[in-house]
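This report concerns only the one structure given below.
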Amino acid sequence: MKKFWLNSLLKAYAVIMIVIIGCLSFILSYVAWQGKKQEIERISQQAATRLVEEVEYYNRRTIQLAQSLVENQAKLEGVYKYFTLSPAEYASWRLSEDVPDYVQVSLHRNINNIYVENDFVKGIDIALKDYKTVFISTRETKGGKQIAAEKFKPAADAFPIAIYDKAAGQVIGTVYITVDTTIFKNIVDNTRREIPLVARITSSYNKEIAHFGENHLSKDTRWIKKETAYNYLVQVAVPSFYMFNSILSSISLIVLSGLALVVILYWSLQRIFLNYQRQVVDIVDTIQDITQGENNKRIDTATKEQELLLIATNTNTMLNSLDKNIRDIYRLQLTQKDANMRALQAQINPHFMYNTLEFIRMYAVMQSQEELADIIYEFSSLLRNNTSSETKTRLEDELEFCRKYSYLCMVRHPKSVAYGFKIDEGLKDMLLPKFSIQPLVENYFAHGIDYRRKDNVISVKAVKIAGAVRLLIQDNGCGMPPEKLAQIQQMLANRQLLDIDNGEIRKSIGIVNVHERFLLFFGERYNIQIESRKNQGVTYTIEIKDE
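So the sequence shown is residues 1 to 547, counted in UniProt numbering.
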């Protein structure tokens, strides 16, 4: 018995908690990551859509404003006169021009009206085809001036609009209307919330009109691109560092919360089991003291409760009975020592352990510890089978014994190993030597299994084939090296009983015992084959011919 078995149980609970909370943390982290991605995608799409709408709106407005400068022949003539006459001549022409009052031929007046009526306009430039000068103006200098065409450079945030002579049906020049890009920035700011969106707007000539946010982005930045009806390109992106930092902070919070929960739950379990642990440790320490020679020492039952009280009381009773038997043995004649010892040993009820285990199992059932109850039941069944004096058994019972053994081996690593047993209906009552299959299953759990893997599996099948019964024991364990396999195959090929004092044979005593049991029981009807590849498991094929 382990001194601190309860500590192992607590550690198992802790591992289970860590796995469960770890899985939950992973799921929550994944959900948070997906949620953040979807939120960023939604806001980016929303910002891009809003920007496209605004760019299209202001593009239409600038087209209307540009066309208003030449919407009739009088205004068109006013534009030409401005570029061809001197300032004095242009002023004289305006005064002498006989047009209705509602028609404004003065370019300066028309430009000024645009500034007054449209707050978003920052500048208006006019460049006519084949003219050597360009008219430029800003909101601060609405009167504007002419500069040499070769010195003119349109503003980056200007919308270029072609103007037409409607009578001639041809393009006469281009009007550049510079807009206040803060209207686009406000859209981004109002949409992005706390997300640092990056947005840029480029014209159909691939000229950047506006850029908001981070300037230096990584090459793998994902841009959301939308094109307007006038071939302006709107692009919106989120810096990758923000995505990483945002998700990292969310995951960190979830992981830290999970760790805190693990600590709290583990501490709570320790507190809950503290009294139970003290009782178990006292029982273990007392038993160890007795094994060290303190034969008169007994377990203190005053501090024990429930199943531990039952164990302590029965153990004290057993120790008292054992002491009495030992004293009686020493009183016997030396010549009758061996016989008397066997008689006294026979007085110890072999069912004591079974009954004690059954008491513990029933208490586990009452405490809703179904898994613990199943483990105790399977272990008790194995003990009963081991103490049975029968030398042969039914095939169904042998496989059931192997299943129980596999189940107990699996309990330590429930998520690392699986097993399966299959038997044809007509083979259940077939007789064979007892413990003739179990050593092969035990070999797998003792030497073949790799608990670092999650896909360990062993299967045992009993099937009826033409003229024989086939037993197939397969696993996917570590397998055998070729040299070892060849050595075992050579031993199994021998139809005679082997010398177990041979050192090489003793290394494979389990397989040798199985071979000799079948050989003695079935004789020439029996045959066995073994196949194995390293890291790919072992397959035992046993065939028993019909009589």
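From the three backbone atoms N, C-alpha and C, an ideal C-beta is built for every residue, glycine too.
Because the structure is a prediction, the values reported are computed rather than measured.
#1: Thinking residue 591 and Val179 are a contact (beta carbons under 8 angstroms), I'd like their distance in whole angstroms, please.
#2: Is it right to say His515 is buried, meaning 16 or more other beta carbons lie within 10 angstroms of its own, or is it exposed?
#3: Return the chain-ordered list of same chain residues with a C-beta closer than 8 angstroms to the C-beta of Lys36, the five sequence neighbours on each side being excluded.
#4: Which same chain residues, not among the five before or five after Leu197, have their C-beta less than 8 angstroms away from its C-beta?
#5: By DSSP, does Asn456 sit in helix, in strand, or in coil?
#6: Ignore the nearest five residues each way along the sequence and tell me which others in Val441's own chain have a CB closer than 8 angstroms to its CB.
#7: Between the alpha carbons of Leu492 and Ile530, how many angstroms are there, rounded?
#8: Output needed for Ala149: all residues of its chain with C-beta closer than 8 angstroms, excluding positions within five of it in sequence on either side, in chain order.
#9: Which same chain residues end up closer than 7 angstroms to Arg517 when comparing Cβ atoms and leaving out the 5 residues on each side of it in sequence?
#10: Please tell me whether Ile528 and Ala468 are closer than 8 angstroms, where the distance is taken between their beta carbons.
#11: Let me check one thing: in DSSP terms, what residues is Leu233 bridge-paired to?
#12: Mark Phe159 as exposed unless 16 or more other C-beta atoms lie within 10 angstroms of its C-beta, in which case mark it buried.
#13: Going by DSSP in three states, Met120 sits in which element: helix, strand or coil?
#14: For a test of the three-state rule: what should DSSP assign to Ile111, helix, strand or coil?
#15: Assuming Cys409 and Gly448 are in contact, meaning their beta carbons sit under 8 angstroms apart, how far apart are those beta carbons, in whole angstroms?
#16: Could you check the C-alpha separation between Val280 and Ala462 for me, to the nearest Å?
#17: What does a CB cutoff of less than 8 angstroms around Thr286 pick up in its chain, not counting 5 residues either side in sequence?
#18: At the level of alpha carbons, what is the spacing between Asp282 and Ala312?
#19: Determine, using beta-carbon pairs with one atom in the stretch 217 to 232 and one in the stretch 200 to 207, whether at least three such pairs fall under 8 angstroms.
#20: Expressed to the nearest angstrom, what Euclidean distance is found between the alpha-carbon atoms of Gln347 and Pro439?
#21: Hey, quick one: how far does the beta strand (DSSP E) through Asn527 stretch, first residue to last?
#22: Counting only runs of 3+ residues fully inside the stretch 247 to 335, write out the beta strand (DSSP E) ranges in chain order.
#23: Restricting to Cα atoms, I'd like to know which of Ile511, Arg470, Ile509 is closest to Arg525.
#24: Of all the CB atoms in chain D, is at least one closer than 8 angstroms to the CB of Tyr451?
#25: In the DSSP assignment, find the beta strand (DSSP E) that holds Leu471 and state where it starts and stops.
#26: Assuming Asn110 and Leu69 make a contact with CB atoms under 8 angstroms, what is their CB distance in whole Å?
#27: Anyone know if the C-beta pair for Thr62 and Ile147 falls short of 8 angstroms?
#28: Give me the residue from Glu398, Gln306, Lys392 with the minimum Cα distance to Met366.
#29: Going by CA-CA distance only, name the one from Asp125, Gln270, Lys129 that's closest to Lys142.
#30: What residue does the beta strand (DSSP E) around Glu208 start on, and which one ends it?
#31: My output table needs one value for Pro160: the three-state DSSP class, helix, strand or coil.
#32: Per DSSP, what kind of secondary structure is Phe241 in: helix, strand or coil?
#33: Using the three-state DSSP reduction, which class does Lys545 fall into: helix, strand or coil?
#34: Whole angstroms is fine: what's the gap from Asn113's alpha carbon to Asp119's?
#35: If you draw a straight line from the C-alpha of Thr393 to the C-alpha of Ile18, how long is it?
#36: Going by other Cβ atoms of all chains shown within 10 Å of its Cβ, with 16 needed for buried, is Met480 buried or exposed?
The relevant details are as follows:
#1: Limits of the chain in this structure are 1 at one end and 547 at the other, which puts residue 591 out of reach.
#2: Taking every protein chain shown into account, the CB of His515 has 16 or more other CB atoms within 10 angstroms, so this residue is buried.
#3: Hits under 8 angstroms: Met243, Ser246, Ile247, Ser250.
#4: So the list reads Ile43, Ser44, Ala47, Val188, Thr191, Phe212, Gly213, Val236, Ala237, Val238, once near-sequence residues are dropped.
#5: Here DSSP, grouped into helix, strand and coil, assigns Asn456 to strand.
#6: Excluding sequence neighbours, Val441 sits near Cys402, Tyr405, Ser406, Ile458, Val460, Ile473.
#7: For Leu492 and Ile530, the distance between alpha carbons rounds to 9 angstroms.
#8: So the qualifying residues of the chain are Ala127, Tyr131, Lys132, Thr133, Val134.
#9: These residues qualify, in order along the chain: Pro433, Ser436.
#10: Taking 8 angstroms as the cut-off, the beta carbon of Ile528 is found no closer than this to the beta carbon of Ala468.
#11: According to DSSP, which records beta bridges pairwise, Leu233 is partnered with Thr202, Glu227.
#12: Looking at its Cβ environment, which holds 16 or more other Cβ atoms inside 10 Å, Phe159 is buried.
#13: A quick correction: the sequence has Phe, not Met, at residue 120. Looking at Phe120 - three-state DSSP - the assignment turns out to be coil, as it is neither helix nor strand.
#14: It is helical.
#15: Between Gly448 and Cys409 the Cβ distance is about 11 angstroms, and since that is not below 8 angstroms, they are no contact.
#16: Inter-residue distance for Val280 and Ala462 is about 44 angstroms (C-alpha atoms, whole angstroms).
#17: Closer than 8 angstroms at Cβ, skipping near neighbours: Lys297, Arg298, Ile299, Asp300.
#18: Computed Cα separation, rounded: 10 angstroms.
#19: Result yes; three or more Cβ-Cβ pairs closer than 8 angstroms.
#20: Below a pLDDT of 50, predicted positions are generally treated as unreliable, and Gln347, at 40, falls in that range; the measurement from the model is reported next regardless. Distance between the alpha carbons of Gln347 and Pro439 is about 32 angstroms.
#21: Note, Asn527: beta strand (DSSP E), 526 to 532.
#22: Annotation note: the stretch 247 to 335 contains no uninterrupted beta strand (DSSP E) run of length 3 or greater.
#23: Comparing alpha-carbon positions, the option among Ile511, Arg470, Ile509 lying closest to Arg525 turns out to be Arg470.
#24: Given the protein chain composition of this structure (a single chain), no chain D is represented.
#25: Counting along the chain, the unbroken beta strand (DSSP E) around Leu471 starts and ends at 468 to 475.
#26: Distance from Asn110 to Leu69 at the Cβ level is roughly 6 angstroms; contact confirmed, criterion being Cβ atoms closer than 8 angstroms.
#27: A distance of 8 angstroms or more separates the beta carbons of Thr62 and Ile147.
#28: It is Gln306 whose Cα lies nearest to the Cα of Met366.
#29: Of the candidates Asp125, Gln270, Lys129, the one whose C-alpha sits nearest the C-alpha of Lys142 is Asp125.
#30: Per DSSP, Glu208 belongs to the beta strand (DSSP E) from 208 to 212.
#31: Assigned with DSSP and collapsed to three states, Pro160 falls in strand.
#32: Assigned with DSSP and collapsed to three states, Phe241 falls in helix.
#33: Secondary structure of Lys545 (DSSP, three-state): strand.
#34: Taking the CA atoms as reference points, Asn113 sits about 11 angstroms from Asp119.
#35: Thr393 and Ile18: Cα-Cα distance of roughly 44 angstroms.
#36: Counting every other CB atom within 10 Å of its CB across the protein chains shown gives Met480 a total of 16 or more, marking it as buried.
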